[in-house]
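Peer 1: Here it is: the structure, laid out below.
Numbering (full-length UniProt numbering), first residue to last: 1 to 331.
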């Protein structure tokens, strides 16, 4: 694999205390707005941007060069063509080059080329990484669809959103620390990890998709406790034509088509959650269909309401050990 690269404002790249790594595949339409938002970060001078352009035949590279010069961004640009591995390989290469070209950087941040970060995003993520090994920021939509399509997307996601909130709440109620991150619904659009932790677990793997959740799974398996930084917000495009199979764009396309029958892979049927959290069983991942989620949702809500009235995670686990997923035993 041949890699072409160039560095803008090399001394600032080398001295940066944090890096932002962005994979980009044919992102000429959106990479400019992404870099404009990063140029407006309150701590932009202390951060180097590393853009890994892969498998592209549009003007992405030219736009990155233009923005680097326009904003005087400390930026390293790499170009490569992968036979396989997709976004996971791009993130892995981007981080490898970032570790090399920004040797002082201890905070490694990830976002996507179709995203726009709020002005305090990198500062909030870096602050969270001072006390946590890895951090999941909040991802919201850019609302860049026509109003009628936006409404359809939001309506199509109501069930999943409610189920996710309750599942997250249930997981958090079973821990004795206030900053537990709950379920692993990590997104590479808004993710941070410490340099030592990243190197210790072997970094991103070259997956076509889900490389972000795989990274956090391995952070947890290594004995670390990730956290959430809900105040660190990145807004992602709501386009239905994405780059990673099974990613956010595919989800939006399915909602628009009315075919979103399987929910986020971070979610599980209620019986699987009860078996895992209450009975301590090792449960293989199970798909959660929209039909099953609609059945489980009122029962899940009832369990969460009861858990809130209990004191301490141990009492809550004991309750879940004998709890049922059937409506008749929960109302």
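Using N, Cα and C, we set each Cβ at its ideal position, and we do this for glycine too. Only a predicted model underlies this, so the values are computations on that prediction, with no experimental measurement involved.
1) Given that a residue counts as buried once 16 or more other Cβ atoms are within 10 Å of its Cβ, and exposed if not, what is residue 247?
2) Count the other C-beta atoms from every protein chain shown that fall within 10 angstroms of the C-beta of residue 327, then say buried if there are 16 or more, exposed otherwise.
3) Does residue 143 pass the burial test, meaning 16 or more other C-beta atoms within 10 Å, or should it be called exposed?
4) Taking the continuous beta strand (DSSP E) assigned at residue 118, which residues delimit it?
5) From the DSSP output, in three-state form, read off residue 4 for me.
6) Confirm, please, whether the CB-CB distance from residue 185 to residue 117 is below 9 Å.
7) Give a yes or no on whether 9 Å exceeds the smallest Cβ distance from residue 166 to chain C.
8) Only counting the same chain, and skipping five residues up and downstream in sequence, which positions put a Cβ closer than 6 Å to that of residue 3?
9) Taking the alpha-carbon positions, what's the residue 252 to residue 115 distance?
10) Can you give the Cα-Cα distance for residue 124 and residue 259, rounded to whole angstroms?
11) Do residue 293 and residue 263 come within 9 Å of each other at the CB atom, strictly closer than that value?
12) For the pair the segment 293-312 and the segment 201-220, tell me if three or more CB-CB distances fall below 8 Å.
13) How close, in whole Å, do the beta carbons of residue 19 and residue 84 come, if the pair is a contact with beta carbons under 8 Å?
14) How about residue 50 and residue 94: are their beta carbons less than 9 Å apart?
15) Distance check for residue 276 and residue 175, CA to CA, integer angstroms please.
16) Could you give the uninterrupted runs of the beta strand (DSSP E) lying entirely in the segment 249-294, keeping only those of 3 residues or more?
17) Starting from the C-beta of residue 68, find all residues in its chain whose C-beta is less than 6 Å away, skip the five residues before and the five after it, and write them out in chain order.
18) Can you tell me whether residue 238 sits near the ligand SAH, meaning its C-beta is under 8 Å from at least one heavy atom of the ligand?
19) Figure out for me which residue from 225, 165 and 24 has the closest Cα to the Cα of residue 64.
20) What three-state label does DSSP hand residue 170 in the structure shown?
21) Work out the CA separation of residue 119 and residue 98 for me, nearest whole Å.
22) Between the segment 159-169 and the segment 208-219, can you find at least three pairs of beta-carbon atoms closer than 8 Å?
23) Kindly confirm or deny that the segment 229-245 and the segment 133-147 touch, where touching means at least three C-beta pairs closer than 8 Å.
24) Could you tell me the distance, in whole angstroms, from the CA atom of residue 320 to the CA atom of residue 229?
25) At the level of alpha carbons, what is the spacing between residue 288 and residue 171?
26) Helix, strand or coil for residue 21? Go by DSSP, reduced to three states.
27) Candidates 222, 126 and 52: which alpha carbon is nearest residue 16's?
28) Within the same chain, show all residues whose beta-carbon is closer than 7 Å to that of residue 180, passing over the 5 residues directly before and after it, in chain order.
29) Under the rule that 16 or more other beta-carbon atoms within 10 Å means buried, what is residue 128, buried or exposed?
30) Do you know whose CA, among 26, 113 and 284, lies nearest residue 266's CA?
31) State the start and end residues of the unbroken alpha helix (DSSP H) segment that holds residue 32.
32) CB residue 13 to CB residue 110, shorter than 9 Å?
33) Roughly how many angstroms lie between the CA atoms of residue 242 and residue 312, to the nearest whole one?
34) Where residue 197 and residue 149 are concerned, what is the direct C-alpha to C-alpha distance, given to the nearest angstrom?
35) Can you have a look at residue 33 and say buried or exposed, based on whether 16 or more other CB atoms are within 10 angstroms of its CB?
36) Could you check the C-alpha separation between residue 11 and residue 31 for me, to the nearest Å?
Peer 2: Looking at the coordinates:
1) By the neighbour-count rule (16 or more Cβ atoms within 10 Å), residue 247 is buried.
2) Bear in mind that the predicted position of residue 327 carries a pLDDT of just 42, short of 50, making it too unreliable to give a figure here.
3) It counts as exposed.
4) In the DSSP assignment, residue 118 falls outside any beta strand (DSSP E) and carries neither an H nor an E.
5) Three-state DSSP puts residue 4 in a strand.
6) With contacts defined as CB atoms closer than 9 Å, residue 117 and residue 185 fail to qualify as a contacting pair.
7) Among the protein chains of the structure shown there is no chain C, as only one such chain exists.
8) If you ignore the 5 residues before and after residue 3, its C-beta comes within less than 6 Å of the C-beta of 78 and 80, all in its own chain and listed in chain order.
9) CA-to-CA, the gap between residue 252 and residue 115 works out to about 15 Å.
10) Computed Cα separation, rounded: 37 Å.
11) It is a contact, given that the beta carbons lie within the stated cut-off.
12) Segments in contact, no.
13) Between residue 84 and residue 19 the Cβ distance is about 25 Å, and since that is not below 8 Å, they are no contact.
14) The beta carbons of residue 50 and residue 94 sit closer together than 9 Å.
15) Each residue's alpha carbon lies about 14 Å from the other.
16) Segments of the beta strand (DSSP E) lying fully in the segment 249-294: there are none.
17) The answer, listed in chain order, is 8 and 75.
18) This structure does not include the ligand SAH; it has no bound ligands of any sort.
19) Of all alpha-carbon atoms in 225, 165 and 24, the one lying nearest the alpha-carbon of residue 64 is that of 24.
20) It is helical.
21) Residue 98 and residue 119: Cα-Cα distance of roughly 22 Å.
22) Per the Cβ contact rule, the segment 208-219 is not in contact with the segment 159-169 (fewer than 3 Cβ pairs under 8 Å).
23) Flag = yes, the segment 229-245 and the segment 133-147 touch.
24) Residue 320 and residue 229 have their C-alpha atoms spaced approximately 28 Å apart.
25) C-alpha separation (whole angstroms): 17 Å.
26) In this structure, DSSP gives residue 21 an extended state, which the three-state scheme calls strand.
27) Scanning 222, 126 and 52 for the CA closest to the CA of residue 16 turns up 126.
28) Correct list, in chain order: 172.
29) Residue 128 comes out buried.
30) Here the closest residue by C-alpha is 284.
31) Run containing residue 32: 31-39, per the alpha helix (DSSP H) assignment.
32) Taking 9 Å as the cut-off, the Cβ atoms of residue 13 and residue 110 do not count as close.
33) Their backbone Cα atoms lie some 43 Å apart in a straight line.
34) When rounded, the separation of the alpha-carbon atoms in residue 197 and residue 149 is 41 Å.
35) With 16 or more other Cβ atoms within 10 Å, it is buried.
36) So the two alpha carbons sit approximately 24 Å from each other.
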